[in-house]
Amino acid sequence: MPEVAELASIHAACFTLPRPWSAPEIRSLLDSPHVFLLSESGGFLLGRAVAGEAELLTLAVLPAAQGRGLGGRLVQGFLNTAKVRTATTAFLEVAAGNAPAIRLYERAGFILKGRRKAYYTAADGRRDDALVLSRAL
């Protein structure tokens with residue numbers, strides 16, 4: 283398992299909107315018995331499964347590793363792990379401006395369920411909507 287500092291470093295290289303998560307924030311999530319980590323060299327995914335629902339908390343793939351199937355493998359691993367943990371539905375939030383991530387999730391069978399207006403705020407004050415995507419498992 284990668285060190286929490288390494289996960290935070292990968293997250294920081296991938297996100298400005300929403301803001302990247304710190305090592306203590308990631309550690310706090312990993313301390314939950316419902317949260318699971320999937321990782322490969324160059325990226326990771328955090329998911330949570332509880333009460334029949336699975337949430338994809340974050341997916342981070344280093345820019346140099348993008349476009350090589352890593353994100354798709356991690357999402358498929360999330361879906362498989364969610365099923366093993368008896369989830370029947372999966373959901374996630376993604377910034378409306380993150381077209382590559384939206385395409386990845388749509389290829390994995392996620393569909394738009396809702397929009398949260400101006401949900402994300404960047405350090406420079408930019409705002410973006412969050413799209414809520416879900417799918418049956």
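Numbering (this note's numbering), first residue to last: 283 to 419. Even glycine gets a Cβ: it sits at the ideal position worked out from N, Cα and C. Predicted model only: the values in this text are computed from it and were never measured.
I'd like to check one pair, residue j with residue i: are the Cβ atoms closer than 7 angstroms?
| i | j | result |
| --- | --- | --- |
| Leu299 | Leu338 | no |
| Leu327 | Leu341 | yes |
| Leu320 | Leu352 | no |
| Arg309 | Val286 | yes |
| Leu413 | Ala383 | no |
| His316 | Arg301 | no |
What distance in whole Å lies between the Cβ atoms of residue j and residue i, which are believed to be in contact at a cut-off of 8 angstroms?
| i | j | result |
| --- | --- | --- |
| Thr420 | Ala418 | The first residue shown for the chain is 283 and the last is 419, placing residue 420 beyond what the model contains. |
| Ala400 | Asp411 | 6 angstroms |
| Pro363 | Phe318 | As written in the sequence, residue 363 is Thr, which differs from the Pro given in the question. About 6 angstroms separates the two Cβ atoms, so the contact holds. |
| Ala305 | Ala290 | 4 angstroms |
| Leu344 | Gly324 | 5 angstroms |
| Gly354 | Leu386 | 6 angstroms |
| Leu415 | Val376 | 6 angstroms |
Among all the DSSP beta bridges, which residues are the ones paired with residue i?
| i | result |
| --- | --- |
| Leu415 | Leu374 and Leu394 |
| Tyr402 | Asp410 |
Taking the runs of the alpha helix (DSSP H) that are 4 residues or longer, which of them lie wholly in the stretch 308-368? 352-366
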